[in-house]
Amino acid sequence: MSKFKKKKSGELPAISTASLPDIVFMLLFFFMVATVMRQNTLMIENKLPVADQIEKLDKKDLVMYVYAGKPSSRYRASAGNQARIQLNDKFADVSDIKSFILAERASKREELIPFLTTALKVDGETNMGLVGDIKKELREVQALKINYTTRTGNALDNFR
Amino acid sequence: MARRSAPEVNAGSMADIAFLLLIFFLVTTTIETDSGISRKLPPPQEDDIEPPVLKQKNIFVVELNKNNDLLVEEAPMEIKDLREAAIKFLDNGGGSGEEACSYCQGERNPSSSDNPTKAVISLRNNRETNYATYIAVQNELVAAYTTLRNREAEKLFGKSFVQMEKDLKDVNFPGNKESLKEDIKKIQFMFPEKLSEAEPKK
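Sequence lines, in order, name chains A and B. The first sequence begins at 7 in the working numbering and counts up by one. The second sequence begins at 13 in the working numbering and counts up by one.
In structure tokens:
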């Protein structure tokens, strides 16, 4: 009889942590796959306005980014208080946009060029004069597909 | 010497390494906001081209001044009313004969637009207008077109225009994409997005 009796120890057995690495790896792979490394370090304030009539830009490699806004506090001393354009990692002038677009085009395969879109990531506080100048430059180099990048939300919240 | 079996590698620190990597990717991840209002700019124009003649009643003038005030047909308006006003203008269908609009549900006011295919919304802004305000106005105008297109698509094809466009992009869409494309074109022809932007005033 006593043969089948198990010895009962009073303590709880320790929970095995052997599968912990597996769980963590799973999370790790998720984040590795989902990560989009920021291509550009922002040197400007970039609080995008909100809108609800939006379309998604799905082909990330066919998007050219033009940023604009007031320089962030670190760069105020060198770049001033007025809204500036940022292309790649540098402050740029309106006249640099053409060469930027042409350089982007040259780096893409020829059959993809008609599908290139310019995403304008402009801070909500910017004046339309700058945006108008950007658009004029884009028209002159025939980069006609543009996308005003916005956050999702009610457009009337822009005034709060 | 006696052969010893290789000692087992201690995998206890594997979790630590994985955590380290995990935290790195967590910190560097920026879920980018890559959606927005898509627009097409007009191609550059030569100076000597005469602008086409438009009837004044077919133009809906929306103006933003430097204090971010909205003026619609020279009368001040709140932005929340803009969508309704734009729909009313586009859907008016005041034309007769060749310009009559068979699918409009508007008031058929003869002093407003003849036909949605003729109606043009002209947006003019000042150089000092705020970008956020401009986006809000763009958003409302695009919403007006989308509302009307949804209505027509619902009537003709039993589903909204937004849904049709979504289906066109969907890889797993079971139906015929060619005919769907035709249907979308048909709706776009009924309510073409004629949104013209004038050069900003200094």
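Glycine residues also receive a C-beta, built at the ideal position from the N, C-alpha and C atoms.
Per DSSP, the bridge partner or partners of residue i
{"i": "B/A156", "result": "In the DSSP output, where bridge partners are listed per residue, B/A156 has none listed."}
{"i": "B/E209", "result": "B/L135"}
{"i": "B/S47", "result": "A/K62"}
{"i": "A/N133", "result": "B/N142"}
{"i": "A/F97", "result": "A/Q92"}
{"i": "A/V56", "result": "A/R157"}
{"i": "B/K52", "result": "A/K151"}
{"i": "A/T124", "result": "A/M70, A/I152"}
{"i": "B/I199", "result": "B/I199 is not bridged to any residue."}
{"i": "B/I147", "result": "Bridge partners of B/I147: none, in fact."}
{"i": "A/I50", "result": "A/P77"}
CA-to-CA distance, residue j to residue i, given in whole angstroms
{"i": "A/S22", "j": "B/E20", "result": "18 Å"}
{"i": "A/Q148", "j": "B/P56", "result": "8 Å"}
{"i": "A/S113", "j": "A/A125", "result": "17 Å"}
{"i": "A/D129", "j": "A/A74", "result": "6 Å"}
{"i": "B/E58", "j": "B/L94", "result": "33 Å"}
{"i": "A/Y154", "j": "B/S25", "result": "47 Å"}
{"i": "B/S17", "j": "A/T47", "result": "53 Å"}
{"i": "B/P128", "j": "A/P55", "result": "29 Å"}
{"i": "B/Y157", "j": "A/G159", "result": "19 Å"}
{"i": "A/S78", "j": "A/A85", "result": "9 Å"}
{"i": "B/S191", "j": "B/R161", "result": "17 Å"}
{"i": "B/S124", "j": "A/L118", "result": "43 Å"}
{"i": "B/K193", "j": "A/R90", "result": "41 Å"}
{"i": "A/A57", "j": "A/S105", "result": "30 Å"}
{"i": "B/N184", "j": "B/A165", "result": "21 Å"}
{"i": "B/K167", "j": "B/I71", "result": "27 Å"}
{"i": "B/G106", "j": "A/N52", "result": "44 Å"}
{"i": "B/T159", "j": "B/K52", "result": "20 Å"}
{"i": "B/E75", "j": "B/E119", "result": "24 Å"}
{"i": "B/I49", "j": "A/T156", "result": "7 Å"}
{"i": "B/A9", "j": "B/L207", "result": "With chain B running from 13 to 214 in the structure shown, residue 9 of chain B is simply not present."}
{"i": "A/M49", "j": "B/M89", "result": "37 Å"}
{"i": "B/I147", "j": "B/L83", "result": "15 Å"}
{"i": "A/E146", "j": "B/F31", "result": "50 Å"}
{"i": "A/K127", "j": "B/K92", "result": "24 Å"}
Any C-beta of chain A under 8 Å from that of residue i
{"i": "B/F37", "result": "yes"}
{"i": "B/Y115", "result": "no"}
{"i": "B/M176", "result": "no"}
{"i": "B/I196", "result": "no"}
{"i": "B/D60", "result": "no"}
{"i": "B/I91", "result": "yes"}
Chain B within 8 Å of residue i, Cβ atoms only
{"i": "A/Y154", "result": "yes"}
{"i": "A/F106", "result": "no"}
{"i": "A/M167", "result": "With chain A covering 7 to 166 only, the question about residue 167 of chain A has no answer from this structure."}
{"i": "A/L18", "result": "no"}
{"i": "A/V100", "result": "no"}
{"i": "A/T47", "result": "no"}
{"i": "A/K114", "result": "no"}
{"i": "A/E61", "result": "yes"}
{"i": "A/F97", "result": "no"}
{"i": "A/Q148", "result": "yes"}
{"i": "A/A57", "result": "yes"}
{"i": "A/F31", "result": "yes"}
{"i": "A/R90", "result": "no"}
{"i": "A/R111", "result": "no"}
{"i": "A/L118", "result": "no"}
{"i": "A/N164", "result": "yes"}
{"i": "A/L144", "result": "yes"}
{"i": "A/L26", "result": "yes"}
{"i": "A/L34", "result": "yes"}
Q: Note down, one range per segment and in chain order, each beta strand (DSSP E) of at least 3 residues found wholly within the region 69 to 95 of chain A.
A: 69 to 75, 90 to 93
Q. Using a Cβ cut-off of 9 Å, which residues of the region 127 to 138 of chain A contact any Cβ in chain B, in chain order?
A. K127, V128, D129, G130, E131, T132, N133, M134, G135, L136, V137, G138
Q) Going along the region 16 to 41 of chain B in order, which residues come within less than 8 Å of chain A, judged by CB to CB distance? A) A23, M26, A27, A30, F31, L33, L34, F37, L38, T40, T41
Q: Could you name the residues of the region 72 to 87 of chain A whose beta carbon sits closer than 8 Å to any beta carbon of chain B, in the order they occur along the chain?
A: none
Q) Which residues, in chain order, does the region 147 to 166 of chain B contribute to contact with chain A at a C-beta distance below 8 Å? A) I147, A148, Q150, N151, E152, V154, A155, T158
Q) Along the region 44 to 58 of chain B, what residues have a CB closer than 8 Å to any CB found in chain A? A) E44, T45, D46, S47, G48, I49, S50, R51, K52, L53, P54, P55, P56
Q: Pick out the complete alpha helix (DSSP H) segments inside the region 61 to 130 of chain B, 4 residues or longer, and give them in chain order.
A: Residue ranges of uninterrupted alpha helix (DSSP H) with 4 or more members, entirely inside the region 61 to 130 of chain B and ordered along the chain, are 94 to 102.
Q. Which of the residues in the region 133 to 148 of chain B, read from start to end, lie with their CB under 9 Å from any CB of chain A?
A. N137, N138, R139, E140, T141, N142, Y143, A144, T145, Y146, I147, A148
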